[in-house]
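Okay, so here's the structure we're looking at.
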Amino acid sequence: MPELSLVLNGQSCACALAKVERASLYGFKKTVSLDEEGNPCTWARLARDGMTLIPSGGVASGYVSPDGLWRSKADLSPVDIEGNALEEAPSTFSAPVTLEETASLDLFYEHDIRLVYALSGVEGALREALEAGTIFTFPFSYRGGLVSDQAFLLQGHDETFWLLVGKRTRVQLFDYHAVVLPAGDDEDGESDEDLLSFDF
Numbered sequence: 463m464p465e466l467s468l469v470l471n472g473q474s475c476a477c478a479l480a481k482v483e484r485a486s487l488y489g490f491k492k493t494v495s496l497d498e499e500g501n502p503c504t505w506a507r508l509a510r511d512g513m514t515l516i517p518s519g520g521v522a523s524g525y526v527s528p529d530g531l532w533r534s535k536a537d538l539s540p541v542d543i544e545g546n547a548l549e550e551a552p553s554t555f556s557a558p559v560t561l562e563e564t565a566s567l568d569l570f571y572e573h574d575i576r577l578v579y580a581l582s583g584v585e586g587a588l589r590e591a592l593e594a595g596t597i598f599t600f601p602f603s604y605r606g607g608l609v610s611d612q613a614f615l616l617q618g619h620d621e622t623f624w625l626l627v628g629k630r631t632r633v634q635l636f637d638y639h640a641v642v643l644p645a646g647d648d649e650d651g652e653s654d655e656d657l658l659s660f661d662f
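463 is the number of the first residue of the sequence shown in my numbering; add one for each residue after it.
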């Protein structure tokens, strides 16, 4: 895994990243299907003719132009719905990252974290800022592409430095407001006793 170059107040440090996998924390289970002789079964795809079996790895995706000509991925360029070219986000590892933006805990908690990296090699001004409780944030894209995720750089309670990558959650919270009618007749002269009740 490449090193991540981080710059704070003109001081640069190269940090090594170690990805933390869910399986390393909680373990994992694997289900193996066996035939009558105890040999492991492999995946296959049934073709549309209902008779041909295509083994794993026998199907691939390709790009074809409107004229039916084969195109490589390098020939493609991203555009928006109006056909305008889109600017791609560069890889975060392609250049030093200047840490300018900080985040509050509330902002951090609003993100759904999908990637976790433990950092080593954090020194100097960056180490002092993280030890003081500062959370830095910046756009993150491992390989580059059309969109980038949001990265958070912080120190945990175990004094480990973490790089957490995720996207902001789109959760809308709302309240249930019950409408309470006054006892007795309403404006139309209808009694409360004539109304359907949905009380439990």
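Don't be surprised by glycine CBs; every beta carbon is placed ideally from N, CA and C.
In this text, all values refer to a predicted model and were calculated from it rather than measured experimentally.
Spatial distance of residue i from residue j (CA atoms)
i    : j    : result
T564 : T599 : 6 Å
I543 : L608 : 14 Å
V494 : S518 : 16 Å
D568 : I597 : 11 Å
F614 : L626 : 5 Å
S534 : E621 : 47 Å
R576 : R630 : 11 Å
A480 : S610 : 20 Å
L496 : T504 : 9 Å
L531 : F555 : 35 Å
D511 : A522 : 18 Å
G524 : S539 : 15 Å
L561 : L548 : 25 Å
H619 : K492 : 33 Å
L581 : A557 : 18 Å
DSSP beta-bridge partners of residue i
i    : result
R507 : I516
S474 : V469
E563 : T599
V541 : A547
R630 : H573
Y525 : R533
P502 : L496
F623 : L581, Q617
Where residue i sits in the DSSP three-state scheme
i    : result
F555 : helix
Y579 : strand
L608 : coil
A480 : strand
A613 : strand
A594 : coil
G489 : coil
Three-pair Cβ contact test at 8 Å for the region 473 to 488 versus the region 572 to 587: Contact holds: three or more Cβ-Cβ distances are below 8 Å.
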